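Have a look at the structure below before the remarks.
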Amino acid sequence: MVKRRNLTIIAGYLVFIILLTLGVSHCDGQTVDDYYNLFVVDAKAQGKALVRVPPTFVQTSDNLYLNIGGVHTEVSAYTQHKEKKIYINVVSFEYETNPQVLIYHELGHYYLRRNHTDRKSIMNINMWGWGGLVWDEMSTNHQQFYIDELFK
Ligand SMILES: [Zn+2]
């Protein structure tokens, strides 16, 4: 009886830990496709026609690298225009912190042909990361500003 009870307790802990892990990594339960669909709705509301075929999202937990100005640089995501693919490291800080910003940024490259900017924008990579404005503001009260700016 004692052994069996211990097993039940251990099993209970395991289930709790698994649920906790799932909850932390996907707290709002949104997938890449959900954010893509949100982007399509926002584009429509902004009067932007998305004329290209939808990109294929390649989700990976491997590190992604790009050659940026001759420097082998780790990135959380990138858009491959020719292949019509968007690569996303789903265990990157950026994806885990605010997947919507990351996906909207890449779709900004893909559909809107936006480049990086120094302005207050989802396309400003200097506003990202720890203490970055976009992450906080997108998830709080300035979301519409960034969406308007992205599609304008
Ligand atoms: Zn970019």
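Here the sequence shown is numbered in the working numbering, starting from 1217 and rising by one per residue.
All C-beta atoms, glycine included, are put in the ideal place defined by N, C-alpha and C.
As the structure is a prediction and not an experimental result, all values here were calculated from the model.
For V1317 and I1338, the gap between their C-alpha atoms comes out near 7 Å.
Cβ neighbours of F1367 within its own chain (closer than 6 Å, five residues either side excluded): Q1262, K1264. Annotation for H1297 indicates a beta carbon at 7 Å or more from all heavy atoms of ligand 1.
Contact between Y1251 and I1363 fails: their C-beta atoms lie close to 12 Å from each other, not under 8 Å. One Cα belongs to N1253, the other to H1288, and the distance between them is close to 32 Å. Ranked by Cα distance from S1277, the first of K1298, I1304, Y1327, H1358 is I1304. CA-CA distance, H1297 to V1291, rounds to 16 Å.
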